[in-house]
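K.L.:
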Amino acid sequence: MTTTAHAAVLHEVDGPFVFEDVVLGDITPDEVLVRIVATGLCHTDLAVVHGHIPTQLPMVLGHEGAGVVEEVGSSVTGLEKGDHVAISFASCGHCSNCLVGREAYCRNFMLLNMGGVREDGSRTMTAADGDDVRGSFFGQSSFATHAIVAARNAVKIDDGVPLELVGPLGCGIQTGAGTVLNTLALPAGSTIVVAGTGAVGLSAIMAAKAAGATTIIALDVLDERLSFATELGATHTINGRTADVEAEILAITDGVGAPYAVDTTAVPAVVAQLVAATSFGASIALVGVPKPDATIPLGLVSGSGKTIIGAIEGDSVPQVFIPRLLAMHAAGDFPFDRMVTTYPFTDIDTAIADTQSGAAVKAVLTMPV
1 MTTTAHAAVL HEVDGPFVFE DVVLGDITPD EVLVRIVATG LCHTDLAVVH GHIPTQLPMV
61 LGHEGAGVVE EVGSSVTGLE KGDHVAISFA SCGHCSNCLV GREAYCRNFM LLNMGGVRED
121 GSRTMTAADG DDVRGSFFGQ SSFATHAIVA ARNAVKIDDG VPLELVGPLG CGIQTGAGTV
181 LNTLALPAGS TIVVAGTGAV GLSAIMAAKA AGATTIIALD VLDERLSFAT ELGATHTING
241 RTADVEAEIL AITDGVGAPY AVDTTAVPAV VAQLVAATSF GASIALVGVP KPDATIPLGL
301 VSGSGKTIIG AIEGDSVPQV FIPRLLAMHA AGDFPFDRMV TTYPFTDIDT AIADTQSGAA
361 VKAVLTMPV
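Here the sequence shown is numbered in UniProt numbering, starting from 1 and rising by one per residue.
1) With three or more beta-carbon pairs closer than 8 Å as the criterion, would you say the stretch 176-189 touches the stretch 308-319?
2) What residues in its chain sit with their C-beta under 8 Å from that of glutamate 164, if we drop five residues either side in the sequence?
3) May I have the straight-line CA-CA distance separating threonine 355 from valine 32, to the nearest angstrom?
4) For valine 194, collect the residues of the same chain with a Cβ closer than 6 Å to its Cβ; drop the 5 residues on either side in sequence, then sort them by chain order.
5) Helix or strand or just coil, what does DSSP make of aspartate 337?
6) What number of angstroms, rounded off, separates the C-alpha of valine 48 from the C-alpha of glycine 15?
7) How would you write the range of the alpha helix (DSSP H) that asparagine 113 sits in, first residue to last?
8) Within this structure, are the beta carbons of valine 13 and valine 133 separated by less than 8 Å?
9) Do leucine 112 and glycine 93 have their C-beta atoms closer together than 8 Å?
10) Hey, out of Cys95, Leu61, Ile157, whose CA is closest to isoleucine 148's CA?
11) Helix, strand or coil: how does DSSP classify histidine 43 here?
12) Determine the contact status of alanine 144 and alanine 7, defining contact as a CB-CB distance below 8 Å.
13) From valine 72 to phenylalanine 345, what distance separates their C-alpha atoms?
14) If we require 4 or more residues per run, which alpha helix (DSSP H) segments fall completely within the stretch 246-291?
15) Taking just the CA atoms, how far does proline 268 sit from residue 394?
16) Under a Cβ-count criterion, where at least 16 other Cβ atoms within 10 Å of its own Cβ denotes burial, should serine 136 be classed as buried or exposed?
17) On the DSSP letters alone, give me the boundaries of the beta strand (DSSP E) that leucine 202 sits inside.
18) Classify glutamate 224 as buried or exposed, calling it buried when 16 or more other Cβ atoms lie within 10 Å of its own Cβ.
19) So if DSSP puts residue 405 in a beta bridge, which residue, or which two residues, is it bridged to?
20) Give the DSSP-derived three-state secondary structure of glycine 314 in the structure shown.
21) Work out the CA separation of histidine 63 and aspartate 349 for me, nearest whole Å.
22) Looking at the structure shown, is threonine 366 part of a helix, part of a strand, or coil, going by DSSP?
23) In the DSSP output, what is phenylalanine 17 paired with across the bridge?
24) Could you name the residues of the same chain whose beta carbon sits closer than 8 Å to that of threonine 2, not counting the 5 residues immediately before and after it, in chain order?
25) Beta-carbon within less than 8 Å of arginine 102's beta-carbon, same chain only, minus the 5 sequence neighbours each way: which residues are those?
26) Got a sec, what are the start and stop residues for the alpha helix (DSSP H) alanine 128 sits in?
27) How many Å lie between alanine 104 and lysine 362 at the Cα?
28) Under the assumption that valine 287 contacts threonine 264 (Cβ atoms under 8 Å), give the Cβ distance between them as a whole number of angstroms.
29) Spatial neighbours of threonine 183 within its chain, please: CB distance less than 8 Å, with the 5 preceding and 5 following residues excluded, ordered by chain position.
30) First and last residue of the alpha helix (DSSP H) that includes isoleucine 352?
31) Can you list, in chain order, the residues of its chain whose CB lies under 7 Å from that of glycine 233, leaving out five sequence neighbours each side?
32) How far does the alpha helix (DSSP H) with leucine 163 in it extend, from its first residue to its last?
33) When the Cα atoms are used, what is the spatial distance from valine 100 to cysteine 106?
34) Got a sec, what are the start and stop residues for the beta strand (DSSP E) threonine 235 sits in?
35) CB isoleucine 87 to CB alanine 154, shorter than 8 Å?
36) Given this structure, state the Cα-to-Cα distance separating cysteine 171 from valine 117, to the nearest angstrom.
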C-alpha cells in the first residue's frame with residue numbers, strides 16, 4: 001500500500017527546503033510505517049544542507065523522528081499498529097559489529113544512513129510526480145508526515161511520554177549522553193571538560209552529572225549557554241572567546257589537566273585546546289561533524305598517552321539506551337526536556353535560524369494533526 005506524505009525536500013546544497021508531496025512505497029516484511037508526530041532538527045541535518053556531509057540530492061532529511069506505528073511488516077515482532085516509537089539510526093543487524101552490540105559502527109552505516117536507499121539498493125519514496133527523490137536518511141527521513149522505518153531502529157515507548165520530546169533521543173541527545181556513559185564510561189568523582197553547549201554538549205553535561213562527576217567544565221563562546229550549562233550540571237564554565245582555555249582548565253584541575261573531555265564543536269583549534277589541557281593518559285571523545293578537510297596535528301598527542309576517540313551515536317544500542325535515558329528523565333536525573341523548543345513543521349526555516357543563532361538549543365518540528 002502506498003502512502004502520500006508531505007515532506008520538506010532538499011534539492012541542492014545550501015538550497016532551501018521545499019515542501020512537496022512524496023509517495024512512500026510498500027513496506028518490506030521487516031519494516032514499519034510511522035506517522036511522524038514530531039522530529040528534532042539536528043546539526044547533522046544542517047551539515048548535509050551545507051555540503052559538509054556529501055549525499056545524493058534531492059533528499060528528505062530528518063533523523064530524530066517520533067510517531068505512531070500505522071502499518072507493520074509481516075515479519076516484525078514487538079511492534080503493533082498504534083504503538084508509539086522513537087526512531088534512531090539504521091543498522092544492518094548482521095555485520096560483525098552489529099553482532100557484538102556495536103550497531104553505531106555498523107559496517108553498512110554509511111549506506112543505510114546516508115545513501116538514501118535500503119541495504120538492497122531499493123528506495124522507500126519517489127516524488128509525487130514520479131521524479132527522483134531519496135529517503136531513508138538515517139533510516140527514516142522524518143522531515144515528512146510519514147516515514148518507512150526498519151523495525152530494529154524503532155524503539156517502543158510508553159504512550160504517556162510526549163512524542164514531542166522523545167525524537168531527539170534518537171540522535172543528538174543519545175550522542176551526548178552516550179559518549180559520557182558508554183564511550184568514556186565516566187567514573188563517579190571524575191573531572192570532564194565538554195566543549196560546545198548545544199544539545200549534544202548539554203546532554204553530555206547532564207549525563208556527567210548523573211554519573212557522579214564532581215568537576216564538569218563547560219566550554220563555549222556564548223555566556224547565556226554557559227549559564228544554562230551551569231543550571232544543568234556544569235560546575236565551571238569558560239568562555240573561549242575571552243579566556244585562555246588551557247590556562248583556565250589547568251587552574252581548575254590544580255595543574256594536572258582533565259582526564260576526560262568531549263568535543264562537540266569539530267573545530268580543530270578547540271580540539272587542540274582540549275588535548276593540551278587534558279592529563280597524561282586522558283581520553284578525548286570527538287563527536288562533532290567536521291569539515292571534510294579538518295585535521296589534527298600528530299604532535300598534539302605524540303608521547304602523551306592520550307586517546308582520541310571518534311565516537312558515533314554515543315556507542316549506543318538504541319533499543320537499550322533510549323529506555324535508559326527515559327528512566328533517568330523520569331527519576332529527575334536527566335532533564336533533557338529543558339532544552340526543547342517546538343516549532344510547527346512549516347516553520348522549519350525559523351527553527352534552523354534559531355538553531356544557528358543559538359536562540360534554540362534543541363528545535364523540534366511538530367507535524368500538523
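A virtual CB, placed ideally from N, CA and C, is assigned to each residue, including glycine.
P.N.:
Let's see:
1) Taking a cut-off of 8 Å for Cβ pairs, the stretch 176-189 and the stretch 308-319 touch, as three or more such pairs fall below it.
2) Stepping through the sequence shown from its first residue, residue 164 is reached at position 164. Same-chain partners within the cutoff: Val37, Ala38, Ala66, Val340, Thr342, Val364, Thr366.
3) Counted from its first residue, the sequence shown places residue 355 at position 355. Counted from its first residue, the sequence shown places residue 32 at position 32. Cα-Cα distance, rounded: 31 Å.
4) Along the sequence shown, read from residue 1 onward, the residue named residue 194 stands at position 194. Excluding its 5 nearest sequence neighbours in each direction, valine 194 has C-beta neighbours in its own chain below 6 Å: Gly201, Ala204, Ile205, Ala218, Val262, listed in chain order.
5) The residue given as residue 337 occupies position 337 in the sequence shown. Of the three classes helix, strand and coil, the one that applies to aspartate 337 here is helix, per DSSP.
6) Along the sequence shown, read from residue 1 onward, the residue named residue 48 stands at position 48. Along the sequence shown, read from residue 1 onward, the residue named residue 15 stands at position 15. Approximately 11 Å between the Cα atoms of the pair.
7) Working through the sequence shown from its first residue, we reach residue 113 at position 113. Residue range 109-114 is occupied by the alpha helix (DSSP H) that includes asparagine 113.
8) By 1-based counting over the sequence shown, the position of residue 13 is 13. By 1-based counting over the sequence shown, the position of residue 133 is 133. Not a contact, by the Cβ cut-off of 8 Å.
9) Within the sequence shown, the letter at position 112 stands for residue 112. Within the sequence shown, the letter at position 93 stands for residue 93. No; because the gap between Cβ atoms is not below 8 Å, this pair is not in contact.
10) As a first step, residue 148 must be located in the sequence shown, where it is residue number 148. The alpha carbon of isoleucine 148 has as its nearest neighbour, out of Cys95, Leu61, Ile157, the alpha carbon of Leu61.
11) The residue you call residue 43 lines up with position 43 of the sequence shown. The DSSP-derived three-state label of histidine 43 is helix.
12) Position 144 of the sequence shown, counted from the start, is the residue given in the question as residue 144. Position 7 of the sequence shown, counted from the start, is the residue given in the question as residue 7. It is a contact, given that the beta carbons lie within the stated cut-off.
13) Position 72 of the sequence shown, counting from 1, holds the residue named residue 72. Position 345 of the sequence shown, counting from 1, holds the residue named residue 345. One C-alpha to the other measures close to 25 Å.
14) The stretch 246-291 contains these whole alpha helix (DSSP H) runs: 268-276.
15) The requested residue 394 does not occur in the structure, where the chain is confined to residues 1 to 369.
16) Stepping through the sequence shown from its first residue, residue 136 is reached at position 136. Here serine 136 is buried: its Cβ has 16 or more other Cβ atoms, across all protein chains shown, within 10 Å.
17) For the purposes of this step, residue 202 is identified with residue 202 of the sequence shown, where counting begins at 1. For leucine 202, there is no enclosing beta strand (DSSP E); the enclosing alpha helix (DSSP H) covers residues 199-211.
18) Locating residue 224 in the sequence shown gives position 224, where the first residue counts as 1. So glutamate 224 ends up on the exposed side.
19) Here the chain covers residues 1 to 369 and nothing more, so residue 405 does not appear.
20) If you number the sequence shown from 1, residue 314 lands on position 314. In the three-state scheme derived from DSSP, where H, G and I count as helix and E and B as strand, glycine 314 is classed as helix.
21) Translated into the one-based positions of the sequence shown, residue 349 becomes position 349. Translated into the one-based positions of the sequence shown, residue 63 becomes position 63. Straight-line spacing of the CA atoms in aspartate 349 and histidine 63 works out to 17 Å.
22) Against the sequence shown, residue 366 aligns to sequence position 366. Secondary structure at threonine 366: strand, using DSSP grouped into helix, strand and coil.
23) The sequence position of residue 17 within the sequence shown is 17, counting from 1. Partner(s): Leu10.
24) Locating residue 2 in the sequence shown gives position 2, counting from the first residue. Cβ neighbours of threonine 2 beyond the five flanking positions: Val23, Leu24, Gly25, Asp26.
25) For the purposes of this step, residue 102 is identified with residue 102 of the sequence shown, where counting begins at 1. Once the five neighbours on either side are set aside, the close Cβ partners of arginine 102 are Asp315.
26) Locating residue 128 in the sequence shown gives position 128, where the first residue counts as 1. Bounds of any alpha helix (DSSP H) do not take in alanine 128, whose DSSP letter is neither H nor E.
27) For the purposes of this step, residue 104 is taken as the residue at position 104 of the sequence shown. For the purposes of this step, residue 362 is taken as the residue at position 362 of the sequence shown. For alanine 104 and lysine 362, the distance between alpha carbons rounds to 22 Å.
28) Walking along the sequence shown from the start, residue 287 turns up at place 287. Walking along the sequence shown from the start, residue 264 turns up at place 264. Right, the Cβ-Cβ distance comes to about 5 Å (below 8 Å), so this counts as a contact.
29) The sequence position of residue 183 within the sequence shown is 183, counting from 1. For threonine 183, same chain residues with a beta-carbon under 8 Å away, outside a window of 5 residues either side, are Ala285, Ile309, Ala311, Gly314, Asp315 in chain order.
30) Position 352 of the sequence shown holds residue 352. Its alpha helix (DSSP H) spans residues 348-357.
31) Your numbering for residue 233 matches position 233 in the sequence shown. Around glycine 233: Ile205, Met206, Ala208, Lys209, Ile216.
32) The residue labelled residue 163 in the question sits at position 163 within the sequence shown. Element bounds for leucine 163: 163-166.
33) Here the question's residue 100 lines up with position 100 in the sequence shown. Here the question's residue 106 lines up with position 106 in the sequence shown. Computed Cα separation, rounded: 10 Å.
34) Against the sequence shown, residue 235 aligns to sequence position 235. Looking at the DSSP string, threonine 235 is not in any beta strand (DSSP E), and its letter there is neither H nor E.
35) One-based indexing of the sequence shown puts residue 87 at position 87. One-based indexing of the sequence shown puts residue 154 at position 154. The answer is yes: Cβ separation under 8 Å.
36) Position 171 of the sequence shown, counting from 1, holds the residue named residue 171. Position 117 of the sequence shown, counting from 1, holds the residue named residue 117. A direct Cα-to-Cα measurement between cysteine 171 and valine 117 gives close to 19 Å.
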